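Colleague: Before I ask anything, here is the structure I am working with.
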Amino acid sequence: MLQLVGRRLLSTIPTLFGVLVVAFLLLNVVPGDPVAEMVGERADSATIVRLRGELHLDDPLPVQFGHYLWGVVRGDLGRSYITQRPVLGDLAERFPKTLQLAASAMLLAVTIGITLGVLAAIRPGGVFDRFSMLIAYVGVSFPVYWVGLLLILLFAVALRWLPPSGYGGLAFLVLPALTLGMRSIAFLARMTRGAMLEVLPSDFVRTARAKGVAERRVIGRHALRNALLPIITVLGLDVGNYLTGSILTETIFSWPGVGRYVLLAIQKRDLPAVQGSILFLSVIFVLVNLLTDVLYAKADPRVAYD
Amino acid sequence: MLRHLLRTVNLFDTAPSVLFLCFLAACHGNSGGGSNGYQARGLVYYETYDPRSLDPALSTDVPTGEMVTLMFDGLTQFDPDGRLLPGLSDHWTADRTGQRYVFHLRPGVVFQDGRPLVAADVKNSLVRVLNPATQGGRVWPLLPIAGAADYAAGRAHEVRGIEVLGDTAVAFTLTEPLAVFPKFLAMPVASVVPSPLPEAFAQKPIGTGPWQFVAWEHDDYLRFAKNPKYWGGAPESDTLTVRIIPEPLTRVAELQSGRVSVSEIPFGETKKWESEHPDWLKRKPALRNVYVPLNNARGPLRDPRVRQALNHAVNVPEILRTVWNGRGVPAAGAIPPTLGGSDPGRKPYAYDTTEARRLLRAAGYPDGFAVQLWRSGTNVEMGRVAQAIQSQLAAIGIRVEIVSRDASSMREAVRKGETDMAILDWWADYPDADNFLYPLFHSASFGPGGNYSFYRDAVTDSLIMTARRTVDQAAREALYRRIDDRVFAAAPWIYLWFPIDMWAEHPAVQGWDVPVIFNGQRWAKVHVTAGR
Chain G
1104 MLQLVGRRLL STIPTLFGVL VVAFLLLNVV PGDPVAEMVG ERADSATIVR
1154 LRGELHLDDP LPVQFGHYLW GVVRGDLGRS YITQRPVLGD LAERFPKTLQ
1204 LAASAMLLAV TIGITLGVLA AIRPGGVFDR FSMLIAYVGV SFPVYWVGLL
1254 LILLFAVALR WLPPSGYGGL AFLVLPALTL GMRSIAFLAR MTRGAMLEVL
1304 PSDFVRTARA KGVAERRVIG RHALRNALLP IITVLGLDVG NYLTGSILTE
1354 TIFSWPGVGR YVLLAIQKRD LPAVQGSILF LSVIFVLVNL LTDVLYAKAD
1404 PRVAYD
Chain B
11 MLRHLLRTVN LFDTAPSVLF LCFLAACHGN SGGGSNGYQA RGLVYYETYD
61 PRSLDPALST DVPTGEMVTL MFDGLTQFDP DGRLLPGLSD HWTADRTGQR
111 YVFHLRPGVV FQDGRPLVAA DVKNSLVRVL NPATQGGRVW PLLPIAGAAD
161 YAAGRAHEVR GIEVLGDTAV AFTLTEPLAV FPKFLAMPVA SVVPSPLPEA
211 FAQKPIGTGP WQFVAWEHDD YLRFAKNPKY WGGAPESDTL TVRIIPEPLT
261 RVAELQSGRV SVSEIPFGET KKWESEHPDW LKRKPALRNV YVPLNNARGP
311 LRDPRVRQAL NHAVNVPEIL RTVWNGRGVP AAGAIPPTLG GSDPGRKPYA
361 YDTTEARRLL RAAGYPDGFA VQLWRSGTNV EMGRVAQAIQ SQLAAIGIRV
411 EIVSRDASSM REAVRKGETD MAILDWWADY PDADNFLYPL FHSASFGPGG
461 NYSFYRDAVT DSLIMTARRT VDQAAREALY RRIDDRVFAA APWIYLWFPI
511 DMWAEHPAVQ GWDVPVIFNG QRWAKVHVTA GR
């Protein structure tokens, strides 16, 4: 297993280098000038020319890229053009908050989604099955933005049970986590139901029942465990997506996470901040994928990596 | 697929339940706003995005400018109505030519760390803004000072136009007379900072202003405590929190649940608020105009008759009423009606498609022509205005293609003169007609300077410069009227309207007023009434 992890980690280096090159080129092709964003609406041309020179924006692209790469190798993601603060520090400040939101959303998704799916699969076509599939459809088809605002209207403005937005204790976490996790709840519920329906008629389930194993144990231990593989796949992809920024949810709920940081950096053409964020988030994505693969092997001993 | 779907969910059951959920939410949304419970501790304001810095030298965006205004003072300042007031300088004199100013410091002012303010602090602060190493980006308000441009370009070792007169006065010599110079000194970038600068100044600033810095959680909030020794009298409230809330509808929800003190009302919510909470609302004509710069150096738009035709073909009052919810007044010129130099007697271009067609024929375009109208993809209201203009110009044969880009790309194209038309707004940096003429119409301001229509007229240029040099206020305003008249006739823009800002103040909050200029509200006279 360790060997696998080591090998996979090594193979990420060219991937990340590719990400850096593409990000760098794209940002330099896109119109818009970081200095124009920096100086604001009214500016004198002399200042713009001088600042472009000082930020080395007029150097040839390979030279600029070389500078940047040298910094990255030394663990320095550079300073934001706009705020003049180190990009790595900015990311380190925001990432735990994104992690917190993603983890809560995932927790909701796993508990609610899998429970709904299992319960729905136990009696297909029953009342509970319909109810949970309704939730699944609603969750998949309603846009995050709309659901987020609706939740704010209901729970914050009308009922006043929860704060509308902001970062703080558990109360602040509920609505954004639900909004972000909604799609996963829906997806997992459908996924689990499907996988369970496939597993439940199998011979080993019938054998377990014949042996007199309690139904709860049959479902939880024997059937669900075998239905887990596709669920882990979905979870892995979702975690990756959540961690790399949930811009809409963070915006609606004023959540100070990585997503909003990247968005503002892109709007302001803050090249070091955008490049640094992309690199950082790519690393996270790769790590989460690796973790998913490891979990595969844990969940199903038949999966072997050689 | 469809059969599967129908089997899994009974659609006939689903639809009513979803509708019921929506109904429930809508009902609660209406009834919930009526309560007056203020839940926040102290005053709470918001910004739409995290300030760039808290260092005045870096204040190039509105959030930074507003935060700097809370903690720092300039020699002069603005009140919410945009009037110029004494700041750190309690009085100043100008010589007869308007080229040399002497600012006398208010006695007894101390920085928040206890050290007294001296005249050298003023000079050091301004020199620091001009210093190329600062990389602030906004030096233009200080460039009128003699020697400032050379220093900013690294050609000189000091700014010869700033002279420290003992501990209590500073003299400025300008390259040429400039009547609005005291207003330049009220801009956030000209705030006075202590020298030498304390450590980590951009993150933990120290100023002389009404509020002291307490904490800054990036993208989340900034917290301030009142400065009990503020020279203008300690603020009435103990704390002020500034939250970062990017989404307009969330801001309104925060206001309704009593967790922010004031909020701007989004356009889509105008009618709802006017009917439900008229007593919460505050309106004020903004120092801003919404306009379409026509590229005067490109294609058919070079001909003034074509530009006039465009003005006659757009039904401004109708667009204002339908798309903008009536939150503005049609523009008959570039100078907002609340500023000296605007002409209340001048009439906007009349909506008259016959006249528009006649002008087009006279210009040699009887069948119209094709143009592009650029808009920022993130600004929904402006996008709707663009569509309205597109459909109205189609009536006189002008085929408008709307080009939607993100704000940064659009700004670059507009500044380089690569667009025919764009839909923009212009916000005042300082409340003076000069701010609506020099950047927008002087040929020295082409592109980044603000003249996005590339309007060039030697007479206008020279009149603007004469007005800048004119010290007598009445004579200056008469000149502004003349300039605005002349430019208006040449129609370098499609003149749209001057917006009226609409904000709501929570009933538990008192003393707040909509500032016409972003740095006109210092929150010192605002407080929360009893009944938290």
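Protein chains in written order, with the working numbering: chain G, 1104 to 1409; chain B, 11 to 542. Ideal Cβ placement from N, Cα and C applies to all residues, glycine included. Values in this document were obtained by computation on a predicted structure and should not be read as measured data.
Please classify D444(B) as buried or exposed, where buried requires at least 16 neighbouring CB atoms within 10 angstroms.
Modeller: Counting from 1 along the second sequence, the entry for residue 444(B) is found at position 434. Answer is buried; the Cβ neighbour count reaches 16.
Colleague: Which residues bound the alpha helix (DSSP H) around P314(B)?
Modeller: Within the second sequence, residue 314(B) is the residue found at index 304, counting from 1. Unbroken alpha helix (DSSP H) run through P314(B): 314–323.
Colleague: Can you list, in chain order, the residues of its chain with a C-beta nearer than 7 Å to that of S1357(G)? Leave out the 5 residues immediately preceding and following it.
Modeller: Stepping through the first sequence from its first residue, residue 1357(G) is reached at position 254. Once the five neighbours on either side are set aside, the close Cβ partners of S1357(G) are S1268, G1269.
Colleague: Please give the ranges of any beta strand (DSSP E) in the segment 157–182 of chain B, keeping only runs that are unbroken, at least 3 residues long and fully inside the region.
Modeller: 172–175
Colleague: With 7 Å set as the bound, which would you pick, yes or no: does the beta-carbon of A1259(G) sit closer than that to a beta-carbon of chain B?
Modeller: If you number the first sequence from 1, residue 1259(G) lands on position 156. Chain B contact via Cβ: present.
Colleague: Do you know offhand how far A166(B)'s Cα is from T185(B)'s?
Modeller: As a working note, residue 166(B) is residue 156 in the second sequence. As a working note, residue 185(B) is residue 175 in the second sequence. Near 15 Å, if we compare the C-alpha coordinates of T185(B) and A166(B).
Colleague: What residues are listed by DSSP as bridge partners for A373(B)?
Modeller: If you number the second sequence from 1, residue 373(B) lands on position 363. A373(B) is not bridged to any residue.
Colleague: In or out: H228(B) buried (at least 16 other Cβ within 10 Å) or exposed?
Modeller: Taking the first residue of the second sequence as position 1, residue 228(B) is located at position 218. When all chains shown are included, H228(B) counts as buried.
Colleague: Below 8 Å, how does it come out for the segment 102–112 of chain B and the segment 245–263 of chain B: are there three or more Cβ pairs, yes or no?
Modeller: no
Colleague: Output yes or no for whether 7 Å exceeds the beta carbon distance between G378(B) and I408(B).
Modeller: Here residue 378(B) refers to the residue found at position 368 when the second sequence is read from its first residue. Here residue 408(B) refers to the residue found at position 398 when the second sequence is read from its first residue. Yes.
Colleague: With a threshold of 6 Å (Cβ to nearest heavy atom), would L1262(G) be considered close to the ligand NAP?
Modeller: This structure simply doesn't include the ligand NAP, nor any ligand for that matter.
Colleague: Does the segment 72–87 of chain B touch the segment 153–167 of chain B, meaning 3 or more C-beta pairs lie closer than 8 Å?
Modeller: no
Colleague: Quick one: what does DSSP say W150(B) is sitting in, helix, strand or coil?
Modeller: Here residue 150(B) refers to the residue found at position 140 when the second sequence is read from its first residue. DSSP places W150(B) in the helix class (H, G or I) of the three-state scheme.
Colleague: Quick check on R1320(G): buried or exposed, where buried means 16 or more other Cβ atoms within 10 Å of its Cβ?
Modeller: The residue labelled residue 1320(G) in the question sits at position 217 within the first sequence. Taking all protein chains in view, the Cβ of R1320(G) is surrounded by fewer than 16 other Cβ atoms within 10 Å, so the residue is classified as exposed.
Colleague: T1150(G) CB to nearest chain B CB: under 7 Å?
Modeller: On the first sequence, residue 1150(G) is found 47 positions in, with the first residue counted as 1. Yes, its Cβ sits closer than 7 Å to a Cβ of chain B.
Colleague: Suppose the cutoff is 8 Å on Cβ atoms and the five residues either side in sequence are ignored; what does the same chain contact list for D1402(G) look like?
Modeller: Taking the first sequence and counting its residues from 1, one reaches residue 1402(G) at position 299. Looking at the sequence provided, one finds Ala at residue 1402(G) rather than Asp. Excluding residues within five positions, the ones whose Cβ falls inside 8 Å are R1328, L1331, L1332, I1335.
Colleague: If distances are taken between C-alpha atoms only, which option among M475(B), E168(B), V224(B), W437(B) comes closest to L297(B)?
Modeller: The residue given as residue 297(B) occupies position 287 in the second sequence. When each option's Cα is compared against that of L297(B), the closest is W437(B).
Colleague: Three or more C-beta pairs under 8 Å: does that hold for the segment 337–344 of chain B against the segment 520–528 of chain B?
Modeller: no
Colleague: In the segment 416–481 of chain B, which residue ranges form an unbroken alpha helix (DSSP H) of at least 4 residues, counting only runs that do not cross its ends?
Modeller: 417–425, 444–451, 468–479
Colleague: Please state the DSSP three-state secondary structure of N1131(G).
Modeller: If you number the first sequence from 1, residue 1131(G) lands on position 28. Helix.
Colleague: Which whole-angstrom value is the C-beta distance of V302(B) and M431(B), which I expect to be below 8 Å?
Modeller: In the second sequence, counting from the first residue as 1, residue 302(B) sits at position 292. In the second sequence, counting from the first residue as 1, residue 431(B) sits at position 421. Going by Cβ atoms, the distance from V302(B) to M431(B) rounds to 5 Å, so yes, they are a contact pair.
Colleague: For A1170(G), which of helix, strand or coil comes out of DSSP?
Modeller: Locating residue 1170(G) in the first sequence gives position 67, counting from the first residue. Reading the sequence as shown, one finds His at residue 1170(G) and not Ala. The answer is helix: DSSP assigns H1170(G) an H, G or I state.
Colleague: In chain G, which residues lie less than 7 Å from T70(B) when you measure between Cβ atoms?
Modeller: Taking the first residue of the second sequence as 1, we reach residue 70(B) at position 60. Those are M1141, V1142, G1143, listed as they occur along chain G.
Colleague: I'd like to confirm the pairing. Which residues does DSSP put opposite G338(B) in its beta bridges?
Modeller: Residue mapping note: residue 338(B) aligns to position 328 of the second sequence, counting from 1. G338(B) is bridged to P509(B).
Colleague: State whether the segment 1284–1301 of chain G contacts the segment 1204–1222 of chain G, with contact taken as three or more CB pairs (one from each stretch) at a distance under 8 Å.
Modeller: The segment 1284–1301 of chain G vs the segment 1204–1222 of chain G: in contact.
Colleague: Look at the alpha carbon of F1231(G) and the alpha carbon of T1352(G), and state the distance between them as a whole number of angstroms.
Modeller: Counted from its first residue, the first sequence places residue 1231(G) at position 128. Counted from its first residue, the first sequence places residue 1352(G) at position 249. About 29 Å.
Colleague: So with Cβ pairs under 7 Å, would you call T260(B) a contact of chain G?
Modeller: In the second sequence, counting from the first residue as 1, residue 260(B) sits at position 250. So, interface residue.
Colleague: Name the residue from I1116(G), L1112(G), I1350(G) whose alpha carbon lies nearest to the alpha carbon of K1200(G).
Modeller: Here residue 1200(G) corresponds to residue number 97 of the first sequence, with the count starting at 1. Residue I1350(G) is the option with its Cα nearest to K1200(G).
Colleague: Start and end of the beta strand (DSSP E) containing P295(B)?
Modeller: Indexing the second sequence from 1 puts residue 295(B) at position 285. Here the beta strand (DSSP E) through P295(B) covers 291–295.
Colleague: Buried or exposed for W533(B), going by 16 or more other Cβ atoms inside 10 Å?
Modeller: On the second sequence, residue 533(B) is found 523 positions in, with the first residue counted as 1. Under this definition W533(B) is a buried residue.
Colleague: Does the pairing of the segment 1233–1245 of chain G with the segment 1301–1315 of chain G give three or more beta-carbon distances under 8 Å?
Modeller: No, they do not touch.
Colleague: In angstroms with no decimal places, state the Cα-to-Cα distance between V413(B) and S386(B).
Modeller: As a working note, residue 413(B) is residue 403 in the second sequence. As a working note, residue 386(B) is residue 376 in the second sequence. If you draw a straight line from the Cα of V413(B) to the Cα of S386(B), it comes to about 8 Å.
Colleague: G44(B): buried (16+ other C-beta within 10 angstroms of its C-beta) or exposed?
Modeller: For the purposes of this step, residue 44(B) is taken as the residue at position 34 of the second sequence. Caution is warranted here: a pLDDT of 40 is assigned to G44(B), below 50, making its placement in the model unreliable, and no coordinate value can be reported.
Colleague: Return the CA-CA distance between R62(B) and R1405(G), expressed in angstroms with no decimal places.
Modeller: Along the second sequence, one-based indexing puts residue 62(B) at 52. Along the first sequence, one-based indexing puts residue 1405(G) at 302. So the two alpha carbons sit approximately 53 Å from each other.
Colleague: Output needed for F1383(G): all residues of its chain with C-beta closer than 6 Å, excluding positions within five of it in sequence on either side, in chain order.
Modeller: Reading the first sequence from its first residue, position 280 is the one you call residue 1383(G). Answer for F1383(G): L1194, listed in chain order.
Colleague: Given a limit of 9 Å on CB to CB distance, which residues of the segment 183–196 of chain B reach chain G?
Modeller: Of all residues in the segment 183–196 of chain B, none has a Cβ within less than 9 Å of some Cβ in chain G.
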